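Peer 1:
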Amino acid sequence: MGKKQPRPRRSFTPEFKAEIVELCRRGDRTAGQVAKDFDLTETAVREWVKQAERDAGERVDGGLTSVEREELAQLRRDNRRLKEDVEILKRATAFFAKETR
Numbered sequence: 001m002g003k004k005q006p007r008p009r010r011s012f013t014p015e016f017k018a019e020i021v022e023l024c025r026r027g028d029r030t031a032g033q034v035a036k037d038f039d040l041t042e043t044a045v046r047e048w049v050k051q052a053e054r055d056a057g058e059r060v061d062g063g064l065t066s067v068e069r070e071e072l073a074q075l076r077r078d079n080r081r082l083k084e085d086v087e088i089l090k091r092a093t094a095f096f097a098k099e100t101r
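Under full-length UniProt numbering, the residue at position 7 of the sequence shown is numbered 7, and the numbers go up by one with no gaps.
1. Kindly indicate the opening and closing residues of the alpha helix (DSSP H) around Ala97.
2. If you reduce the DSSP assignment to three classes, tell me which class Lys3 lands in.
3. Count the C-beta pairs between the stretch 52-66 and the stretch 78-87 that are closer than 8 Å, then say yes if the count reaches three, no if not.
4. Can you tell me whether Val45 is buried or exposed, with buried defined as 16 or more other CB within 10 angstroms of its CB?
5. Report yes if the C-beta distance between Val49 and Leu40 is below 9 Å; otherwise report no.
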């Protein structure tokens, strides 16, 4: 018997995620039922619900809000760019130091 092929990674709009979270919050269906109805993984649906609770300030579990996640991603991009700039300046300094000798 062959291995089950992994599902290709899909991306969803924030609006779609918000609708799924709202369906779960209404209480008439569980996260598992909503996931099954929309062909989603139950883990993803539960994570979306947890993230929505963090963003709304209803959950304090050490996780980051969506705004904090975006800020962290931006800071990491900036940090990576600055490190590259420093590396270029180090090389230029070494080059010009060699030239003046």
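Where is the CB? At the ideal position from N, CA and C, for every residue including glycine. Small disclaimer: the values here were computed from a predicted structure and weren't measured.
Peer 2: Put simply:
1. 66-99
2. coil
3. no
4. buried
5. no
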